[in-house]
Amino acid sequence: MKKNLLPCLLAGLFSVGVSVHAAELPRWKQADYVAAIQAARAGQPSGALQLLEQERQKGALPTPLLDDYLTLLCWDGRSVEALRQWKAQPDPALTPTTLGLLARKARDQHDYALAQQLYRTVLNSHPTSDASAGPAMTQADAGQLPQALATLAAAGKPATRADELELARARSYVLVQGGDLTAGLSNIRAAMQRFPGDRELARTYVTLLLKLGAPGEAHRFIRQSGGVDRTLDVQTELDQAAVTSRWGVTQESLETGTQRYQLTDLALQQNQIVSEQLRPDEQRFRDGALNDRLIMLQQRDRSAEVIRDYEQHQPFTLNKPIPGQRWLMPIWHKKNRNRPCLCTVPPLPPHPMLMR
């Protein structure tokens with residue numbers, strides 16, 4: 021029995037030693053935490069977040085844990101909570117990646133002051149030329165075009181081609197967002213020649229074309245490049261239909277017979293195709309497409325279809341009035357003389373036009 025006792029004692033002492041050693045490791049180096057972070061990177065952040073919540077109950081999180089916690093909150097769709105936690109425990113020692121992620125989330129929420137603070141924190145610790153891109157774009161979002169251009173001018177010469185691309189993207193974005201469309205067009209075309217095929221530059225270029233009122237050109241560019249961005253692609257398709265409808269108004273006044281409705285009918289067809297391809301989570305586009313369709317149908321003098329589409333979408337129209345409802349007033353009263361119109365709308369404009 022004594023022979024068996026010694027190995028057992030040694031095994032016990034060894035396990036105790038391992039436990040003590042594990043307890044001495046920082047939390048972010050312990051095996052269960054490392055495994056939870058690996059699972060989070062694979063798309064399952066709940067386990068790591070649970071561990072971090074437990075640590076947070078003990079007091080302020082050390083920088084490595086706070087860095088992970090804020091990142092995981094953003095990954096989990098809880099960016100508002102992440103930004104609130106940053107405000108409660110601002111830590112400039114966080115990694116530039118996490119600070120940049122928080123800054124982008126602040127921009128998404130239109131909290132430009134906080135986004136600037138976060139981007140400046142990155143610049144203070146990593147003063148590289150491409151790090152100036154974020155602050156400049158945030159200033160442009162806030163309507164501060166001169167300040168944004170000054171930030172880019174102070175960035176200095178890019179050290180690498182990657183830095184050059186980042187600054188080119190930022191300058192194009194700043195000019196377009198700031199409303200200097202002429203300079204923006206010249207700048208972005210030069211940048212696209214320097215960096216052909218870049219998706220960010222392509223996205224800004226399509227946005228610029230839409231701001232210039234050239235959805236046809238944007239549509240052709242998207243087709244040639246195989247798509248740019250889902251949001252811009254859909255918006256461009258709807259704008260293209262809207263412009264076609266506007267040209268339809270002119271055609272109707274210049275021509276006679278059924279041929280005068282060709283462009284309006286084409287616009288309705290384009291609108292219908294886009295509407296049928298919208299995903300369930302794209303309600304904003306669905307609302308806009310319905311609004312355009314109501315006006316196009318009235319422009320085509322298809323009042324019965326206007327009423328039909330309106331009644332089919334009553335929950336939408338009642339909860340969120342749309343400009344296209346103004347065309348329902350005379351039609352609704354004509355069909356339902358004893359029923360009140362479901363919408364309160366301003367007086368009719370002089371002629372049909374799509375309103376967005």
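The numbering of the sequence shown is this note's numbering, which starts it at 21 and goes up by one. Virtual Cβ for every residue (Gly too), placed ideally from N, Cα, C. If you're wondering where the values come from, they're calculated on a predicted model, not measured in any experiment.
Extent of the continuous alpha helix (DSSP H) to which residue i belongs
| i | result |
| --- | --- |
| residue 188 | 181-197 |
| residue 333 | Note, residue 333: premise wrong, no alpha helix (DSSP H); not H, not E. |
| residue 89 | 83-95 |
| residue 302 | Run containing residue 302: none; DSSP gives neither H nor E here. |
| residue 146 | Counting along the chain, residue 146 falls outside any alpha helix (DSSP H), and DSSP gives it neither H nor E. |
| residue 285 | 282-296 |
| residue 104 | 99-108 |
| residue 275 | Per DSSP, residue 275 belongs to no alpha helix (DSSP H) and is neither H nor E. |
Straight-line Cα distance separating residue j from residue i
| i | j | result |
| --- | --- | --- |
| residue 284 | residue 271 | 9 Å |
| residue 127 | residue 162 | 9 Å |
| residue 89 | residue 122 | 12 Å |
| residue 263 | residue 219 | 26 Å |
| residue 311 | residue 200 | 30 Å |
| residue 188 | residue 196 | 12 Å |
| residue 45 | residue 251 | 47 Å |
| residue 267 | residue 125 | 40 Å |
| residue 227 | residue 329 | 30 Å |
| residue 190 | residue 209 | 14 Å |
| residue 254 | residue 239 | 10 Å |
| residue 217 | residue 116 | 27 Å |
| residue 70 | residue 120 | 24 Å |
| residue 47 | residue 181 | 39 Å |
| residue 106 | residue 235 | 41 Å |
| residue 223 | residue 183 | 19 Å |
| residue 320 | residue 245 | 34 Å |
| residue 317 | residue 164 | 41 Å |
| residue 273 | residue 324 | 23 Å |
| residue 79 | residue 86 | 11 Å |
| residue 109 | residue 50 | 24 Å |
| residue 280 | residue 242 | 29 Å |
| residue 230 | residue 256 | 7 Å |
| residue 132 | residue 166 | 16 Å |
| residue 233 | residue 265 | 14 Å |
Spatial neighbours of residue i in its chain, beta-carbon cut-off 6 Å, leaving aside the 5 residues before and after
| i | result |
| --- | --- |
| residue 168 | 156, 159, 160, 194 |
| residue 261 | 287, 290, 291 |
| residue 344 | Unreliable positioning characterises residue 344 in this predicted model, as indicated by a pLDDT of 48, which lies under 50. A coordinate reading is not provided. |
| residue 112 | 141 |
| residue 95 | 65 |
| residue 225 | 208 |
Residue i (DSSP reduced to helix, strand or coil)
| i | result |
| --- | --- |
| residue 215 | coil |
| residue 115 | coil |
| residue 200 | coil |
| residue 45 | coil |
| residue 78 | coil |
| residue 61 | helix |
| residue 231 | helix |
| residue 164 | coil |
| residue 209 | helix |
| residue 177 | coil |
| residue 320 | coil |
| residue 239 | helix |
| residue 8 | The structure shown has nothing for residue 8, since the chain only spans 21 to 376. |
| residue 131 | coil |
| residue 50 | coil |
| residue 312 | helix |
| residue 329 | helix |
| residue 249 | coil |
| residue 351 | Confidence in residue 351 is poor, its pLDDT being 49 and thus under 50, which makes the residue's placement unreliable; the coordinate value appears in the next sentence. In this structure, residue 351 counts as helix in the three-state DSSP scheme. |
Beta-carbon proximity list for residue i, same chain, < 8 Å, skipping 5 on both sides
| i | result |
| --- | --- |
| residue 258 | 291, 294, 305, 308, 309, 312 |
| residue 68 | 53, 56, 57, 59, 60, 88, 92 |
| residue 101 | 93 |
Contacting residues, own chain, Cβ-Cβ under 7 Å from residue i (five flanking each side not counted)
| i | result |
| --- | --- |
| residue 135 | 123, 126, 127, 158 |
| residue 55 | none |
| residue 355 | Low confidence applies to residue 355: its pLDDT is 46, below 50, so where it sits in the model is not reliable, and the reading given next is rough at best. The residues are 327. |
| residue 215 | 185, 188, 221 |
| residue 175 | 149, 152, 187 |
| residue 172 | 152, 156, 187, 190, 191, 194 |
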